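Chemist:
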Amino acid sequence: MRPEDDPIFSSYILATVADWQELVWKQHVHPVYIPVAILSVVHAVRISHATRMLSGAPRAQLSLFQSLVLNMIVLFGSSTLLAMLLAIPAPILLSPVAIVLYSSVHLILEWTGGGLTIVRLHTSASTGLVVDLILAAIDAICRSEAIANMGLAQIRRHPNPLVAKSLLVQLISGALISGGVPLLAATFQLHSPQGHWQLLTPPWLRDVSLLMYADLWGGALVALVMSLLTSGDVEARFPWLPRPAPQLARWLQAARKFDLHSVKNVPYLPHREAKAVGAALLFVCLLVPIFVRQLRRAPRVTRRQVKKARKTK
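Position 278 of the sequence shown, counting from 1, maps to 293 under the working numbering, and the rest follow consecutively.
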């Protein structure tokens, strides 16, 4: 048997990835004075950058207070939409530490000019692709964590059994957590550089094709995969799904599960390994529009070079 076909080897790879994912969440900036996870600080920088890009970056005319409010909307907007649908407390009411951390990071980047520096790197032709890849990796890890803990976990604990077992609710939760902010931005015109927010008919209602973007569908796909991997009653809940091939079953199952089909009410993967699979899957989904943009830019650059060459002749 080849090493990659050995279920022990395969589960070891997933477990190692899950260990690294837990490490970046548990490793604090300082164990005593700044007991905040390093990845939380990185994500705060990412949210601050998303706020700045949403408001028009250098063209933004938002006041500092309005910029802070927009930063909180970008951070909590998606999860608040989901909380409203599930009739549970809004996360912003239960996260005073997160409010202080993300607002502090946003203020520091505003006052020091670090935020505009990141914008210049992101919009530069030489460094834009690198920044896109870094942001996609951060989004994949943080959003998959949010889908697992703020979405699927809360749905499964919901007092209404119809909601707790609904696959549609799980798909909607993944889509909203991953891609809900663009929907809010289009509905309330949050992308106005002048800060003139208002409720208007969102463009995605008039043109459904605007809903076909990687954040929305990637989040729904991750929620579906996580639900399938962590549900112990997959065959009972999803009888329309075909049974996995023997080789796939061996790869997914842990070393202790020798016969997947003879074991009932046992999930394919533990929760932590499923989150690692979800992060990798979402990262791949987020890479698609990045490379599509790069492929579209290449012909434009080539045409410009040809025109310049003709003018020099």
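The beta carbon of each residue, even a glycine, is placed where N, CA and C say it ideally should be. Since this is a predicted model, take the numbers as computed values, not measurements.
1. In or out: Arg67 buried (at least 16 other Cβ within 10 Å) or exposed?
2. Just to confirm, are Leu101 and Gln169 a CB contact at a threshold of 8 Å?
3. Less than 7 Å between C-beta atoms, sequence neighbours within five positions excluded: which residues of the same chain meet that for His137?
4. Can you name, in chain order, every residue of its own chain whose Cβ lies under 6 Å from the Cβ of Leu284, other than the five neighbours on each side?
5. Around the C-beta of Ala86, are 16 or more other C-beta atoms found within 10 angstroms, so that it is buried, or is it exposed?
6. Would you kindly report the start and end of the unbroken alpha helix (DSSP H) that includes Pro197?
7. Contact between the region 220-229 and the region 298-307 is defined here as three or more beta-carbon pairs at a separation below 8 Å; is this criterion met?
8. Please tell me whether Leu150 and Pro73 are closer than 8 Å, where the distance is taken between their beta carbons.
9. What number of angstroms, rounded off, separates the C-alpha of Ile156 from the C-alpha of Ser181?
10. Can you give me the C-alpha to C-alpha distance between Arg312 and Ile305, rounded to a whole angstrom?
11. When we look at the beta-carbon of Ala140 and count the other beta-carbons within 10 Å, is it buried (16 or more) or exposed?
12. Are the region 182-191 and the region 111-131 touching by the rule of at least three beta carbon pairs closer than 8 Å?
13. When DSSP labels each residue in this structure, what does Ala52 get in the three-state scheme?
Modeler: With the given structure in hand:
1. buried
2. For Leu101 and Gln169, yes; Cβs fall inside 8 Å.
3. Gly143, Val146
4. Leu244
5. First, the residue type needs correcting, since residue 86 is Asn and not Ala in the sequence shown. Buried, because 16 or more other Cβ atoms sit within 10 Å of the Cβ of Asn86.
6. From DSSP, the alpha helix (DSSP H) with Pro197 extends over 182-203.
7. yes
8. no
9. A straight-line Cα-Cα distance of about 25 Å links Ile156 and Ser181.
10. 11 Å
11. exposed
12. no
13. Residue state, collapsed to three classes: strand.
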